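> If you count the sequence shown from 1, position 2 lands on 213 in the working numbering, and the numbers rise without skipping. Cβ atoms here follow ideal geometry from the backbone N, Cα and C, with glycine treated the same way. Please read these numbers as outputs of a predicted model, since none were measured by experiment. There's a structure below that I have some questions on.
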Amino acid sequence: MPARLALVGLVVAFLIPTASTAQASSPEELLDRWVALWGSYDLAPVADLFVRDQRLTYFSSEYEGVRKGFETIMEHHRSLDFVDGGDARDQVIWVGDVDIATYGASALITAIWYFGDQDAPDGAQLGPMTLLAVREDDGWRIGHMHFATYPGS
């Protein structure tokens, strides 16, 4: 590769942040990145999305009780088969009926989550979700999540 092209590539790499180095700049972007996480099953972005200390709380539709702390949430994602580098899956998460209310340095996001084959949404598992987004020094992160599954879903 000519030196000039290599230099242009190097400059572009520093000017265009990637998902793994830049934090979400808004609650909307945070939600989009969380949905993308579930499309990739890549464990690495979890560290960019969630608050990384003991304040983090998570109610899962998969388990009873609250999960607390960043390391616990990492283990939770591992238990759901998230792996470093990601893994292709037929089923993904998507959201609908999204509402975002901002309160200073936090935002409350409510939505309906769907899990299944987007090409056949009638068979998807679904339920309500609540996400508390908090603005940290480096951008928006998830401070709390709560999932439920609708009966019969």
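Ignore the nearest five residues each way along the sequence and tell me which others in T341's own chain have a CB closer than 8 angstroms to its CB.
L319, I320, T321, H355, M356 and H357
> Can you confirm whether the segment 294 to 302 touches the segment 260 to 271 when touching is taken to mean that 3 or more C-beta pairs between the two stretches lie within less than 8 angstroms?
The segment 260 to 271, when compared against the segment 294 to 302, does not touch it at the 8 angstroms Cβ threshold.
> Where does I227 sit, in a helix, a strand or coil, going by DSSP?
Below a pLDDT of 50, predicted positions are generally treated as unreliable, and I227, at 33, falls in that range; the measurement from the model is reported next regardless. Coil.
> Would you report the Cα separation of R289 and T313, rounded to the nearest angstrom?
31 angstroms
> Using only the alpha-carbon positions, how far apart do D301 and D333 sit?
15 angstroms
> With H, G and I counted as helix, E and B as strand and the rest as coil, what does DSSP make of D243?
helix
> Please give me, in chain order, every unbroken run of the beta strand (DSSP E) with length at least 3 that falls completely inside the segment 298 to 325.
303 to 314
> May I ask you to report which of helix, strand or coil DSSP gives E347?
strand
> Could you give the first and the last residue of the continuous alpha helix (DSSP H) run that contains T283?
F281 to S290
> Quick check: the Cα distance between I324 and G276, rounded to an integer number of angstroms?
What sits at residue 324 in the sequence shown is Trp, not Ile. W324 and G276: Cα-Cα distance of roughly 20 angstroms.
> Looking at W351 and L254, is the spacing between their C-beta atoms short of 8 angstroms?
No.
> Check each candidate in I311, V345, F326 and I353 and name the one with the smallest Cα separation from Y361.
For Y361, the nearest C-alpha among the options comes from F326.
> Nearest-angstrom Cα distance between V345 and A235?
11 angstroms
> Here's the rule: buried if 16 or more other CB atoms are within 10 angstroms of the residue's CB, otherwise exposed. What is D328?
Exposed.
> Excluding the five sequence neighbours on either side, which residues of its own chain have a C-beta within less than 7 angstroms of the C-beta of P238, listed in chain order?
I311, T313, A318, I320, A344 and W351
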